[in-house]
Amino acid sequence: MALRNILPDSEPTLRKRSRAVTEFNPHLHELLDDMRETLLRANGVGLAAPQVGVLRRAAIVVDTNLEDKTVEEQIIELINPEIIASSGEQIGPEGCLSLPNVFGLVTRPDLVKIKAQDRNGEWFEVLGKDLTARAFCHEVDHLNGIIFTDIAERILTEEELEELQHGDDCDCDDCDGCDGCDDEDCDDEDCDEHEHVHEHEHEHTHDHNHDHTHDHDHHDHHDHDHHDHGHTHG
Ligand code: CO
Numbered sequence: 002m003a004l005r006n007i008l009p010d011s012e013p014t015l016r017k018r019s020r021a022v023t024e025f026n027p028h029l030h031e032l033l034d035d036m037r038e039t040l041l042r043a044n045g046v047g048l049a050a051p052q053v054g055v056l057r058r059a060a061i062v063v064d065t066n067l068e069d070k071t072v073e074e075q076i077i078e079l080i081n082p083e084i085i086a087s088s089g090e091q092i093g094p095e096g097c098l099s100l101p102n103v104f105g106l107v108t109r110p111d112l113v114k115i116k117a118q119d120r121n122g123e124w125f126e127v128l129g130k131d132l133t134a135r136a137f138c139h140e141v142d143h144l145n146g147i148i149f150t151d152i153a154e155r156i157l158t159e160e161e162l163e164e165l166q167h168g169d170d171c172d173c174d175d176c177d178g179c180d181g182c183d184d185e186d187c188d189d190e191d192c193d194e195h196e197h198v199h200e201h202e203h204e205h206t207h208d209h210n211h212d213h214t215h216d217h218d219h220h221d222h223h224d225h226d227h228h229d230h231g232h233t234h235g
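Using the working numbering, you'd call the opening residue of the sequence shown number 2 and step up by one each time.
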């Protein structure tokens, strides 16, 4: 297995329609294994073959509803997937591994049924709900050359992004400094009365991209943050 580069959305490849997979051979298995490793490394919830430069109808999705399984076991491989049924509606933030730090409000069905082949060519059906339904749609879109920004109601502002990533109950590294506020005995060097709250917020906004990457260096990739907070990165 090997990591593959995830193409940025500026890459024309991502705008093309992928062709059906017809050979269920070791070459496909290697692609899927590499995509699994790449997705796990990036801590996303989905990845489509065109995102790693292969214009074939193959994608993988982490079914986050399978809570008792490891992330690796949650990965569903979808070859030549088709959406055969959908219902309900969810409007929420959606992101993509090809567009780090960009989120848009996208309307998707709540429940999506997919028909697809597995890596050996066997057809199966799978039902996804909530985030998984969103990811199914997002990945099938990739196979048709569509990126979520094409269909987003609007892109979230920097401020909204901050709030999304660091809500009230956020306990990520970036927000640890704030915890001192409520603690009378806090001797954190950042904790100077309550002033540091403002400093903290300021730093956050001012140097967002930098902080984001480096303050999460105990993770392999900054996208882990989004995953933790329950947002889609496909
Ligand atoms: Co994507």
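Glycine residues also receive a C-beta, built at the ideal position from the N, C-alpha and C atoms.
| Query | Result |
| --- | --- |
| For Ile147, which three-state DSSP category applies? | coil |
| Output the boundary residues of the alpha helix (DSSP H) element that contains Val62. | Per DSSP, Val62 belongs to no alpha helix (DSSP H); it is in the beta strand (DSSP E), 59-63. |
| Check whether the Cβ of Asp34 lies closer than 7 Å to any Cβ atom in chain D. | The structure shown contains no chain D, having only a single protein chain. |
| Under 8 Å by Cβ, that's how I've got Thr65 and Gln75 pegged, so tell me the actual separation to the nearest angstrom. | 7 Å |
| Give the residues whose C-beta lies closer than 6 Å to at least one heavy atom of ligand 1, in chain order. | Cys97, Leu98, Ser99, His139, His143, Gly235 |
| Taking the beta carbon of Glu140 as the centre, do at least 16 other beta carbons fall within 10 Å, making it buried, or is it exposed? | buried |
| Mind checking who His234 pairs with in its DSSP beta bridge? | Gly96 |
| Does the Cβ of Ala136 have 16 or more other Cβ atoms within 10 Å, making it buried, or fewer, making it exposed? | buried |
| So, under 8 Å CB-CB, Leu29 and Val22 are touching, yes? Tell me the CB distance rounded to an integer number of Å. | 6 Å |
| Use the C-beta contact count for Met2: other C-beta atoms within 10 angstroms, 16 or more gives buried, fewer gives exposed. | exposed |
| Fully enclosed by the segment 23-84, which alpha helix (DSSP H) runs are 4 residues long or longer? | 27-43, 72-75 |
| Using only alpha-carbon positions, find the residue among Thr150, Pro101, Asn121 that is nearest to Leu8. | Pro101 |
| Using 8 Å as the Cβ pair cut-off and three pairs as the minimum, do the segment 116-136 and the segment 54-68 touch? | yes |
| In chain order, what residues of the same chain have a beta carbon less than 7 Å from the beta carbon of Arg57, not counting five sequence neighbours either side? | Ser19, Arg20, Val22, Ala50 |
| Here's a check: name, in chain order, each residue in its chain whose Cβ is nearer than 7 Å to the Cβ of Ile92, leaving out the five neighbours to either side. | Leu106, Thr108 |
| Just list the residues that DSSP pairs Gln118 with in beta bridges. | Ile80, Trp124 |
| Contact defined as beta carbons within less than 8 Å: I believe Ile84 pairs with Ile115. What is the distance between those atoms, to the nearest angstrom? | 6 Å |
| Using a Cβ-Cβ cut-off of 7 Å (strictly less than) and excluding sequence neighbours within five positions of Arg37, which residues of its own chain qualify? | Ile61, Ile76 |
| How would you call Glu123, buried or exposed, if buried means at least 16 neighbouring beta carbons within 10 angstroms? | exposed |
| Taking Gly96 and His234 to be in contact with their CB atoms under 8 Å, please state how far apart those CB atoms are, rounded to whole angstroms. | 5 Å |
| For a test of the three-state rule: what should DSSP assign to Thr14, helix, strand or coil? | helix |
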